[in-house]
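The block underneath contains the structure these notes are about, expressed in C-alpha cells.
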Amino acid sequence: MEAYLAAKKSKPSISSIRPRLAHVLDYLTQNDALATLCNEVNEEWIEDFREWNILIPVEEGNGSTRERAPGTVEASVRQLAAAINFAKKKEHIQKGAQFKPKKHTEVSHTPTYRASVSELADMFRYCTEPPRKDGESDKNYAKRVADRRNLLRFLQISVATWARPDAAHDVSTSKKRGQWQSKRQLLNLNPKGRTQTRKYRPTVPIARQVASLLDETHGFFVTVASVRKAFEAMQDALGLPGDREAGLKLIRRSMAQLGRDRLGRTAWIEGKYMLGHHRPDPSDLYGIDSPGDYPLALTVTEEIIDEIISLAPLAFTATEKERG
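Using the working numbering, count along the sequence shown one by one with no gaps and you end on 1252.
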C-alpha cells in the first residue's frame, strides 16, 4: 500500500486516495490484522469491511458528523482493489484483487434501512400480540403465537447482544459451551471450542431484561436452525422494506445505529466492542477491566429494551414452559 501511495503522490487525486485507504488501514489496525496478505482479501473479507465502515460517521469541518453513504464505503473498496492490482502489475504479488468492487448501480441498493424503536416494537408485537383473524378460536390464536416463539427469541437475543444472525442462533446456556455467565451477566458469543474468525464474536454484557430469560433457558435460546422464513413472513406482514433492505441482519444494523446515536462519538468505542468490530486489547488507551465490561453500551441497550417494552409489553417475557 505504501508503494502505491508513493507512486500516486504527484497525482491530483492523492487527496482522495489517502483517506480512502486510511479507512482500510484503520480496519486492519482495529482488528489486529495488519499482517493480512493481499490474497486473503476476498469477497467475504470485503463484505466485513463494508459492514464495519458504513458505521463510521463522516466528520464535517465544523465538528458535526453525518452518516457515511454506501458509495463512500465502496470508494475505499475500489481504491484497495486498485492498490492490489498495482502491486500485481509491479510483480510484487502473483494475483490481482480477489474481489470485485460494486458498480455504482449496485451501491444504490446497499441496505440503508434501519428500524426505529417503534418499528422494533412492531416486530415484537407481531410475535406476542398479533391481530386476531376473523372467527379465530383461542386455540388457533395461541398456536399462531407459539409458532412465532423462535422468531421472538431471535429478536430478543439480537437486540440484547447486537450480534450477527449466525451468532444469535448459536447462543446456548449449556455449560459445555461456556457461553452464559449468569452471575456476571456476560455472554460469550463464541462457544467453547469454536475458533474465532475474522467475524469476531465478542463477550458482551446482557441487559437485565434478558438475563432472566437466559437463566430460564436450558440449551439453545433459539431452538431452530434458522428463523429466516419466519422473519420474511413478518417482513411482508409489517410492510418492511424489501430489496434486501431488511432481512435477519436488520436487527444488528438497527441496534448499531440506535447505539451510535445514543452513545455519541466518545463512547462509541463500546459500540464497536459490542459489534465485534474492535477486539479488546489490554494496551488500549480506553481500557476495560475485563471482556464484556461495557457499562455505557449496556445502559443504552437496557434503555432501548425498556422503550420497546413500553410499546410491546410482552416483548421480553417468558412463557410458562420456559420458566420450567
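All residues carry an ideal CB built from backbone N, CA and C; glycine is no exception.
| Query | Result |
| --- | --- |
| Endpoints, the beta strand (DSSP E) within which Pro1093 is located | Here Pro1093 belongs to no beta strand (DSSP E); instead the alpha helix (DSSP H) covers Pro1093 to Asp1098. |
| For Asp1143 and Ser1110, believed in contact at Cβ under 8 Å, the rounded distance | 6 Å |
| Nearest neighbour of Thr1229, chosen from Phe1149, Ala1091, Lys937 and Leu1079 [CA to CA] | Ala1091 |
| is_contact[Ala1043, chain C] using C-beta, thresh 7 Å | Here chain C cannot be found, since the structure has a single protein chain. |
| Burial state of Lys1028, where buried means 16 or more other Cβ atoms lie within 10 Å | exposed |
| Neighbour-count burial assignment, Leu1213, 16 or more Cβ in a 10 Å radius | In this prediction, Leu1213 scores a pLDDT of 46, lower than 50, which makes its location untrustworthy; no coordinate-derived value is stated. |
| For Trp1108 and Ala950, the rounded distance between their alpha carbons | 37 Å |
| Straight-line gap, Ala961 to Lys1177 (C-alpha atoms, nearest Å) | 24 Å |
| beta-carbon Ala1025 near the ligand HEM non-hydrogen atom, thresh 6 Å | The ligand HEM is not among the ligands present in this structure, which contains no ligands whatsoever. |
| Straight-line Cα distance separating Ser1065 from Lys1165 | Rather than Lys, the amino acid found at residue 1165 in this sequence is Ala. For Ala1165 and Ser1065, the distance between alpha carbons rounds to 21 Å. |
| Span of the alpha helix (DSSP H), counted from its first residue to its last, around Leu1168 | Run containing Leu1168: none; DSSP gives neither H nor E here. |
| Element boundaries [alpha helix (DSSP H), containing Thr957] | Ile942 to Gln958 |
| Where Glu1002 falls, given that 16 or more other Cβ within 10 Å makes a residue buried | buried |
| Beta bridge counterpart(s) of Ala994 as assigned by DSSP | Residue identity differs from the one stated: residue 994 is Arg in this sequence, not Ala. Partner(s): Val986. |
| Of the listed residues Leu965, Leu983, Ser1182 and Glu1047, nearest to Ala1025 (C-alpha basis) | Leu965 |
| Arg1180 beta carbon less than 7 Å from that of Tyr1128 | no |
| Asp1189 burial status per 10 Å Cβ neighbour count (16 or more: buried) | exposed |
| Coil, strand or helix - Lys1116 by DSSP | Note that residue 1116 corresponds to Asn in the displayed sequence, not to Lys. In the structure shown, Asn1116 sits in a strand (DSSP, three-state: E or B). |
| Nearest-angstrom Cα separation, counted from Ala1015 out to Tyr1041 | 37 Å |
| Alpha-carbon spacing of Asn1118 relative to Val1152, whole angstroms | 18 Å |
| First and last residue of the uninterrupted alpha helix (DSSP H) at Val1035 | His1032 to Val1035 |
| Exposure label - Glu988; buried when at least 16 CB within 10 Å | exposed |
| Residues of its chain near Ile1021, where Cβ-Cβ distance is below 6 Å and the 5 sequence neighbours each way are ignored | Cys966 and Ala1015 |
| Three-state secondary structure (DSSP) of Phe1159 | helix |
| Assigned secondary structure, Phe1027 (DSSP; H/G/I helix, E/B strand, else coil) | coil |
| Pro1223, DSSP secondary structure in three states | helix |
| Whole-number beta carbon distance between Ser1004 and Asn981, since they are thought to touch under 8 Å | 6 Å |
| Three-state secondary structure assigned by DSSP to Gln1107 | coil |
| Cα-Cα separation between Leu1080 and Pro1130, rounded to whole angstroms | 23 Å |
| Beta-carbon proximity list for Arg946, same chain, < 8 Å, skipping 5 on both sides | Leu933 |
| Same chain, Cβ closer than 6 Å to Ala1283, neighbours up to 5 away in sequence not counted | This structure gives no information on residue 1283, because the portion of the chain shown stretches from 929 to 1252. |
| Separation of Thr1245 from Asn959, as counted between CA atoms | 36 Å |
| Exposure label - Leu1203; buried when at least 16 CB within 10 Å | buried |
| Ser1182 to Pro940 span [Cα, whole Å] | 38 Å |
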